[in-house]
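A quick write-up on the structure given underneath.
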Amino acid sequence: MTIPQARARRSRPEGFPRSGPAPELIESGFEIENADAAFLHHGLNLADLAHVLDLARRGIVPPDAERTLLALLLDVCDIAPEDFPYDPSYGEPYNSRERYFVSRIGDVAGWLHAGRPRREAARVALRLHLRAALAELVEEAVRASLDLVDRAEEHAATLLPDQTYLQQAQPSTFGHYLLSFVYPTVRDARRLLDELDGIDTSPGGAGCVNGTRLLEDRAPIAAALGFRSVIPHTRDAMWQVDGLVHILATTASLLSNFSKLAEDLEIFSSSEFDFVDLADAYSRSSILMPQKRNPYALAIVRGASGVVIGRLTGFLAVTKSPSARSDNLIFAYGEVPRALDLGLRITRLMGGVVRTLRVNPDRMREELDRGYTQATDLAEHLVGLVGVDYRTAYVVVGNTVRAAAQAGVPGAAITGGMLDDAARAHTGRDWGLADVDLSDVLDPRSIVASRRAEGGAAPDAVAAMVADLRVTLDGIGAAAAARTAGFAAAEDELLARARAGAG
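The opening position of the sequence shown corresponds to residue 1 in the UniProt record's numbering, with each subsequent residue numbered one higher.
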């Protein structure tokens, strides 16, 4: 038996590439990364300062090199991102920074690489940007929620024919309706705070996968940058993406809630409904049709919601790759900050729409009086009054409503005699309702007043929710503001240490 000889493995190219990047790579790859440099610029400056100070504390960087590096980095802190010479022909933003540093201070710039890959610096910078953006979005969500709460309190007694499937359902109030959009916003604001906790953790000192022999303790860098803690696993610290997915998902959820409200208000502001009017500042005219008044702000809200959903979906597709790959994060540097920025703008826009919205209570009441939103209460009333099961009462009331609609009789004018007619047709017997006074059970305001249970539409129940929401929102807003203040304090302290070290 002949044993085949194993072929020698071919000699593979090792080491870093000697030539520059291909034009196609610059255009399709590095230009994309450099377009996102503005999101990372400030964070890269802070990450570099913290790294140099930590290396100096450990005696790794000579004192003269420390002073030179810190002085240069402090100068760069004063350069706006659009004025810094980021050039995609050099690679990603970190490479442009390296070239600039070498052009300024020569080989001393090489100390900045000790114990840290370029990707780590970018990961730190992204987290610094995102934590500030998350806190700002939470505060804006609180402000928009308080705008809704204010208007809900104002319209706690403004009767509204509430709807499902755009069909009249039950009598309610415009205030109760508005509060239904506050609770989802509160939940999303809390989720954003949770995601802030996750993003406010430090990947500093993680190296590429298993850390570095130069930094035996990762806590000082985290403390210098004001991070709450260190990400415990170095490989996870460098390559995790789940937190970014959650940020996008919650931002999409927040805007989806506003999109629902925007679509309702667009319908309510139509001439067919005429329940509300957008202020001039949030409307737009038609170039052709002089009578048109378009609720343009609402179209922006709805469209932006779709954009963020698209960014979430696209990012999920990108992250579905093997572990420890740059494609997960190359696009995160721009997509996630842009989604948060859009979320912030739309949340602020929605607050302005709500604050300035003009409400037409007379039209709401007019439609309420034309319809049959009393039907459910009438059926429930008959269960107790006549002693029939709800299904039987439901059929009798439904048939009565049909007959009333055909005769042009509104819901408030339904009589006991009409119910008796329907009862005889369905059950074969008279329910003795001809002389029964149904005025209270058919009165929309009385119906609303009866909804006193927690979360109901009665004015007192709405007032209780308003009071509770104000406390909740104040707490969420205070938590976000405290985080923002903490970030600013940590940055001020870091810059002060750097100035002292630079001499």
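Backbone N, C-alpha and C define an ideal beta-carbon position, used for all residues, glycine too.
Small disclaimer: the values here were computed from a predicted structure and weren't measured.
Given this structure, state the Cα-to-Cα distance separating residue i from residue j, to the nearest angstrom.
{"i": "Arg325", "j": "Pro459", "result": "56 Å"}
{"i": "Thr173", "j": "Arg116", "result": "60 Å"}
{"i": "Leu261", "j": "Ala464", "result": "22 Å"}
{"i": "Thr250", "j": "Tyr333", "result": "18 Å"}
{"i": "Arg127", "j": "Ser286", "result": "43 Å"}
{"i": "residue 504", "j": "Asp194", "result": "Past the edges of the chain, shown from 1 to 503, lies residue 504, and the structure says nothing about it."}
{"i": "Asp188", "j": "Ser253", "result": "7 Å"}
{"i": "Ile330", "j": "Tyr94", "result": "13 Å"}
{"i": "Asp435", "j": "Val383", "result": "17 Å"}
{"i": "Leu385", "j": "Gly455", "result": "26 Å"}
{"i": "Val359", "j": "Thr158", "result": "9 Å"}
{"i": "Val395", "j": "Gly428", "result": "13 Å"}
{"i": "Ala488", "j": "Glu82", "result": "22 Å"}
{"i": "Gly20", "j": "Leu55", "result": "31 Å"}
{"i": "Arg284", "j": "Asn328", "result": "40 Å"}
{"i": "Gln291", "j": "Ser271", "result": "11 Å"}
{"i": "Asp36", "j": "Asp87", "result": "12 Å"}
{"i": "His381", "j": "Gln167", "result": "22 Å"}
{"i": "Ala71", "j": "Gly226", "result": "22 Å"}
{"i": "Pro62", "j": "Arg338", "result": "40 Å"}
{"i": "Ile32", "j": "Val336", "result": "14 Å"}
Looking only at C-alpha atoms, which of the options sits nearest to residue i?
{"i": "Trp111", "options": "Val182, Ala498 and Asp64", "result": "Asp64"}
{"i": "Val102", "options": "Ala121, Leu69 and Asp83", "result": "Leu69"}
{"i": "Asn210", "options": "Gly198, His233, Ala189 and Arg191", "result": "His233"}
{"i": "residue 550", "options": "Glu366, Ala339 and Ala114", "result": "Past the boundaries of the shown model lies residue 550; the chain is included only from 1 to 503, so the question cannot be answered."}
{"i": "Ser256", "options": "Leu179, Val307 and Met418", "result": "Val307"}
{"i": "Val354", "options": "Ser202, Pro337 and Ala141", "result": "Ala141"}
{"i": "Pro17", "options": "Val301, Ser439, Asp54 and Tyr90", "result": "Tyr90"}
{"i": "Gly343", "options": "Asp36, Glu139 and Tyr100", "result": "Glu139"}
{"i": "Met350", "options": "Ala71, Gly29, Leu278 and Gly432", "result": "Leu278"}
{"i": "Ile476", "options": "Leu53, Pro85, Glu136 and Arg97", "result": "Glu136"}
{"i": "Val397", "options": "Gln170, Leu214, Ile231 and Ala422", "result": "Ala422"}
{"i": "Arg235", "options": "Arg123, Val388 and Arg284", "result": "Arg123"}
{"i": "His176", "options": "Ser323, Val466, Pro361 and Gly310", "result": "Val466"}
{"i": "Ser259", "options": "Thr347, Asp341, Arg284 and Lys292", "result": "Thr347"}
{"i": "Tyr282", "options": "Ser450, Pro290, Asp327 and Thr356", "result": "Thr356"}
{"i": "Thr201", "options": "Met238, Glu216 and Leu178", "result": "Met238"}
{"i": "Thr484", "options": "Glu120, Ala132, Arg58 and Arg311", "result": "Ala132"}
{"i": "Gly503", "options": "Glu33, Arg213, Glu66 and Tyr86", "result": "Glu66"}
{"i": "Glu491", "options": "Ile26, Ala169 and Asn45", "result": "Asn45"}
{"i": "Arg345", "options": "Ala304, Val471 and Ser323", "result": "Ala304"}
Where does the unbroken alpha helix (DSSP H) through residue i begin, and where does it stop?
{"i": "Gly406", "result": "Per the sequence presented here, residue 406 reads as Gln, with Gly not at that position. Looking at the DSSP string, the run of the alpha helix (DSSP H) that includes Gln406 is Tyr390 to Ala407."}
{"i": "Thr158", "result": "Unbroken run through Thr158: none, as it is neither H nor E."}
{"i": "Asp260", "result": "Reading off the sequence, residue 260 comes out as Lys, not Asp. Per DSSP, Lys260 belongs to the alpha helix (DSSP H) from Asp242 to Phe268."}
{"i": "Cys77", "result": "Pro63 to Cys77"}
{"i": "Ser439", "result": "Ser439 to Leu442"}
{"i": "Ile476", "result": "Pro459 to Ala502"}
{"i": "Phe39", "result": "Ala37 to Arg57"}
{"i": "Thr415", "result": "Unbroken run through Thr415: none, as it is neither H nor E."}
{"i": "Ile221", "result": "Ala219 to Ala224"}
{"i": "His381", "result": "Ala375 to Val386"}
{"i": "Asp327", "result": "Asp327 to Ile330"}
{"i": "Ala237", "result": "Thr234 to Trp239"}
Is residue i near the ligand ADP, going by C-beta to nearest heavy atom under 6 Å?
{"i": "Ala22", "result": "By its list of ligands, the structure shown contains no ligand whatsoever, and the ligand ADP lies outside what it can speak to."}
Is residue i helix, strand or coil when you go by DSSP?
{"i": "Val108", "result": "helix"}
{"i": "Pro171", "result": "strand"}
{"i": "Thr427", "result": "helix"}
{"i": "Arg293", "result": "strand"}
{"i": "residue 510", "result": "This structure cannot speak to residue 510, because the chain is shown only from 1 to 503."}
{"i": "Val353", "result": "helix"}
{"i": "Arg358", "result": "strand"}
{"i": "Arg284", "result": "strand"}
{"i": "Val436", "result": "coil"}
{"i": "Asp194", "result": "helix"}
{"i": "Thr185", "result": "helix"}
{"i": "Val209", "result": "coil"}
{"i": "Asp200", "result": "coil"}
{"i": "Asp369", "result": "helix"}
{"i": "Asp150", "result": "helix"}
{"i": "Asp162", "result": "strand"}
{"i": "Ser321", "result": "coil"}
{"i": "Ser229", "result": "strand"}
{"i": "Phe84", "result": "coil"}
Inter-stretch contact at 8 Å, needing at least 3 Cβ pairs: the stretch 368 to 378 / the stretch 432 to 447: yes
The stretch 356 to 367 contacting the stretch 284 to 297, beta-carbon criterion three pairs below 8 Å: no
Stretch pair the stretch 237 to 246 + the stretch 318 to 332: three plus CB contacts closer than 8 Å: yes
Inter-stretch contact (C-beta, 8 Å, three-pair minimum) for the stretch 201 to 221 and the stretch 264 to 272: no
At least 3 beta-carbon pairs within less than 8 Å: the stretch 136 to 150 vs the stretch 179 to 192: yes
Segment contact flag, the stretch 152 to 162 with the stretch 69 to 78, C-beta cutoff 8 Å, min 3 pairs: no
Contact the stretch 43 to 51 vs the stretch 483 to 502: 3+ CB pairs below 8 Å: yes
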